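Respectively, the protein sequence lines represent chains Y and U. The first sequence lines up with residues 42 to 390 when you count with the numbering used here. The second sequence lines up with residues 10 to 359 when you count with the numbering used here. Glycine included, each C-beta is placed from N, C-alpha and C at the ideal position. These numbers come from a predicted model, not from an experiment. Notes follow the structure.
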Amino acid sequence: MQRTTSFGSVIVERITGNPAASVVMVGSLVLAVVIGVFGGAAQLVNAVVTGGMWALLAVGLALIFGVANVPYFAHGESFMIGAYVAFFVFDPIKTYLQDNSNPLLFALGPFAAVLAAGVVGFALGVGLERLLFYPLRQRTKAGEWVMNAFLLTLGISFVIINGTTLVLGPNFQGIPYYWAVDPLELESLEVRVTVDRLVSFGIAIITIVALWFFLRRTRIGRAIRAVAQDEVGAQLVGINLNFVYVLTFGLATATAAIAGASLLSIFQAYPTVGLIPLYTAWYVVILAGLGNVAGAIAGGFIVALLQTATQQWVGIGWANVVPIAAMVLVLLIVPSGIFGSEVKGVQEQ
Amino acid sequence: MASTQAAKGNRSAWDTIVRGLEAVGIKPLGAVSLVVLALLPLVPPFNQEHMMRWLIMGAYLAAQAVAFDFTSGYINVVNFGFAAFVGLGAYTSAILANDTPLLIVQLGISPWIGMWIGALVAGLLGLGLGALTLRLRGIFAACLAWFVGIALMGTARNTMSLTRGALGLHPPRLLETTSNLPYFYIILVMLLVVYVTLRLVTRTRMGLAFRAIGQNIDAARASGINPTRYRVINFALSCFFAGLLGSFYAHYLASLTPDTVMHTSKTVEVLTMVYIGGRGSMWGGMAVAFPFVFLMNYLRSNLEDLPGLHLVIFGVVMILVMIYYPGGFAAVYDSVATWFKGRLTGERRT
């Protein structure tokens with residue numbers, strides 16, 4: 042029997058199957074065009090680059106929620122730790138480069154910092170899962186898991202933020218730029234983008250694509266998706282749940298740390314730097330649909346577009362209020378999120 | 010026999026008191042603690058002004074915890090925008106009390122009246138929000154409540170003509186005194202009013218409906234209860250009291266900014282109190298709030314060279330409680346009390 046589904050029919054099916062998503066996506070594209078035309082290409086570039094950042098953060102959050110059913114409110118802390126690691130790795134490199142010229146180090150040094158942040162982030166996620174979430178899973182009854190896990194992540198957040206303040210101090214630690222080159226310019230469109238922002242966007246996209254590929258094409262990725270769908274079923278086919286949880290946490294925290302590291306020159310590193318990324322990632326995940334990893338990617342860009350449009354035309358003070366008001370309206374119509382939520386085991390609570 | 014009859018007579022007086030208290034949900038130990046609490050500010054070292062301030066903040070947090078637990082413990086919905094309702098009551102009352110040309114509203118209404126208007130406004134918003142969102146699963150209502158709270162805080166920050174934004178308001182105080190003592194008794198009375206009212210509600214058939222909805226909404230529906238209607242009533246009541254408490258805060262502290270009242274972190278404070286105290290017990294959050302406020306303030310003032318250590322300790326406590334004692338203080342107390350009573354009755358039998 043031959044399958045005769047054409048590409049076009051799949052698209053039509055997707056659109057008619059989820060009208061809310063289609064409306065929102067078309068609306069966002071229109072908004073992007075409006076921003077580009079009336080706000081200037083620079084604003085559009087700004088929105089897209091920011092969108093990549095939110096998408097990367099939201100993907101990790103959606104992954105943890107979808108697979109381990111944990112409302113992870115310490116995600117910003119992985120971002121923060123990534124930023125600090127990148128700082129401590131790159132600062133000596135930067136000092137060295139001031140006196141000696143080494144083109145290879147100049148070009149690749151920042152990537153070493155980002156990579157180091159990713160490794161440390163992964164280790165952090167693995168550690169948290171084994172030390173804290175594993176005993177919680179052993180001891181909690183099914184009905185109380187969500188709130189207990191949520192409060193556990195709050196406790197983790199308090200400890201990490203204030204522990205960092207204690208040990209490293211509350212001051213901003215940062216670098217003015219990763220690459221001491223002029224920003225890239227496109228005179229005709231009045232666009233100036235610093236190399237740092239461009240590369241951070243590139244890193245975000247590459248990481249998202251790599252994660253996507255991992256989840257879709259590898260066996261372990263399939264195992265993760267299976268656990269996200271149905272834990273018991275996954276166990277029945279012989280998937281090691283603990284391994285999947287550890288890996289998922291590690292991946293999520295690693296992506297957040299990579300985000301924090303790649304944005305070091307823009308956000309700097311200080312104990313509470315992760316809070317805004319945390320809240321925004323949560324807005325994206327709630328809007329896109331709890332646990333929906335693909336939706337989180339699109340949602341990141343949508344939220345960034347909304348924020349940019351608001352800043353441009355309503356005022357900077359309203360940058361969070363208007364997008365959130367819009368999200369409230371969307372959620373009243375489609376409460377499970379635009380792209381549909383895939384929460385398992387959250388009982389009627 | 011004469012002696013037993015005399016004994017019965019004595020016991021019945023005591024019994025009436027105990028039964029009267031239990032009818033309003035106060036166990037003997039709770040009554041004793043309340044009396045101790047009421048007398049505490051008259052006893053050194055608690056009669057210092059800063060200690061009394063801590064007591065007031067403890068009672069304020071305790072009352073909020075009771076109102077919060079009414080929703081999270083009974084209908085199993087976490088009102089993650091709780092602080093926004095508190096702030097709404099605070100700002101309503103403060104704006105109505107204003108009689109200076111700083112704001113466009115200059116009504117100069119007395120805070121004692123404005124308090125109730127603030128509570129009403131918060132309750133009405135809770136009613137509206139609940140009606141819109143409580144037909145969904147609890148987690149979606151929680152997310153929406155959070156978003157509405159943030160939008161409210163952002164609006165408060167940005168409407169200078171009404172709220173003076175981040176500059177804040179300085180509402181008039183409830184009383185003309187500079188001492189903290191009368192304020193403590195006011196908030197203590199408010200705490201009692203909130204607790205007793207909500208306790209009595211949980212003892213009615215409506216309270217039974219709440220519990221049924223919280224435990225198994227489908228079974229409740231099958232028994233003929235309209236879950237949405239009861240959830241909305243519960244939510245609105247909780248928000249009403251949140252607004253009332255917010256008004257107290259505004260007219261006690263006399264200084265109000267959006268971030269100090271409406272921020273998500275304020276909801277988190279109340280939330281953690283409720284869960285560490287024991288969700289669903291209503292009194293657990295109350296009991297834990299006082300030592301918590303004292304401990305945090307004591308640590309913060311005595312560990313000035315180690316900033317944030319008190320929050321690290323708090324975080325560690327929260328982690329340990331959630332992993333090892335998820336039922337909270339109330340569950341631990343109940344198990345200890347049962348064990349104790351078991352030992353007592355056991356000994357009497359032998």
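Would you report the Cα separation of Asn143(Y) and Ala298(Y), rounded to the nearest angstrom? 27 angstroms
What did DSSP end up calling Gln309(Y) once you bin it into helix, strand or coil? coil
Find the residues of chain U that neighbour Trp359(Y), judging by a C-beta separation of less than 8 angstroms, and give them in chain order. Gly163 and Asn167
With DSSP as the reference, label Arg144(U) as helix, strand or coil. coil
Is Leu209(U) helix, strand or coil when you go by DSSP? helix
Opposing strand residues paired with Leu225(Y) [DSSP bridges]: Val234(Y)
Answer with yes or no whether the minimum CB distance from Ala228(U) to chain Y is below 8 angstroms. no
Own chain, CB closer than 8 angstroms to Ala367(Y), minus 5 neighbours either side, in chain order: Leu347
Identify the continuous alpha helix (DSSP H) that holds Leu51(U) and give its terminal residues. Run containing Leu51(U): none; DSSP gives neither H nor E here.
Helix or strand or just coil, what does DSSP make of Gln115(U)? coil
Pick from Leu46(U), Phe77(U) and Phe244(U): whose alpha carbon is nearest that of Trp63(U)? Leu46(U)
Could you tell me the distance, in whole angstroms, from the CA atom of Asn110(Y) to the CA atom of Glu58(U)? 46 angstroms
Going by beta carbon distance, what residues of the same chain come within less than 7 angstroms of Thr206(Y), once the five residues before and after it are set aside? Pro312
Spatial distance of Thr269(U) from Tyr113(Y) (CA atoms): 24 angstroms
Drop a sphere of 10 angstroms on the beta-carbon of Lys350(U), count the other beta-carbons inside from all chains shown, and report buried for 16 or more, exposed for fewer. exposed
Name the chain Y residues whose beta carbon is nearer than 8 angstroms to that of Thr281(U)? Leu192 and Leu195
With a threshold of 8 angstroms between beta-carbons, can Leu316(U) be considered close to chain Y, or not? Note that residue 316(U) corresponds to Pro in the displayed sequence, not to Leu. Yes, because at least one Cβ of chain Y sits closer than 8 angstroms to the Cβ of Pro316(U).
Straight-line gap, Gly291(Y) to Gly117(Y) (C-alpha atoms, nearest Å): 14 angstroms
Which residue marks the beginning of the alpha helix (DSSP H) containing Ile202(Y), and which one marks its end? Trp186 to Leu209
Leaving out five residues before and five after Ala62(Y) in sequence, what residues of the same chain have Cβ atoms less than 7 angstroms from its Cβ? Ile379 and Phe380
How is Leu9(U) classed by DSSP in three states: helix, strand or coil? Chain U is shown from 10 up to 359; residue 9(U) falls before or after that span and cannot be answered.
Looking only at its chain, what residues have a beta carbon closer than 7 angstroms to the beta carbon of Trp186(Y), apart from the 5 residues adjacent to it on each side? Asn110
With DSSP as the reference, please indicate the residues paired to Gln179(Y) in a beta bridge. Per DSSP, none; premise fails for Gln179(Y).
Exposure label - Gly386(Y); buried when at least 16 CB within 10 Å: Its pLDDT being 47, under 50, Gly386(Y) is placed unreliably in this model, and the value from its coordinates should be taken loosely. It counts as exposed.
Is there contact here, the stretch 129 to 138 of chain U with the stretch 208 to 216 of chain U, by at least three beta-carbon pairs under 8 angstroms? no
Below 8 angstroms between beta carbons: does that hold for Gly252(U) and Ala93(U)? no
Please confirm whether Ala1(Y) has its beta-carbon closer than 8 angstroms to some beta-carbon of chain U. This structure gives no information on residue 1(Y), because the portion of chain Y shown stretches from 42 to 390.
Inspect the CB distances between the stretch 212 to 229 of chain Y and the stretch 301 to 309 of chain Y and report whether three or more fall short of 8 angstroms. yes
Mind checking if Ala160(U) is an interface residue toward chain Y, Cβ cutoff 8 angstroms exclusive? yes
What is the DSSP secondary structure of Leu178(U), reduced to helix, strand or coil? strand
Within the stretch 65 to 110 of chain Y, note down every full alpha helix (DSSP H) run reaching 4 residues or more, in order along the chain. 82 to 109
So with Cβ pairs under 8 angstroms, would you call Pro300(U) a contact of chain Y? no
Looking at the structure shown, is Leu265(U) part of a helix, part of a strand, or coil, going by DSSP? strand
Residue of Gly174(U), Ile196(U) and Leu178(U) minimising C-alpha distance to Gly358(Y): Gly174(U)
Cβ neighbour criterion (16 or more within 10 Å) applied to Trp323(Y): buried
With a cut-off of 8 angstroms, does the C-beta of Cys152(U) fall near any C-beta of chain A? Looking for chain A here will not work: the only protein chains present are Y and U.
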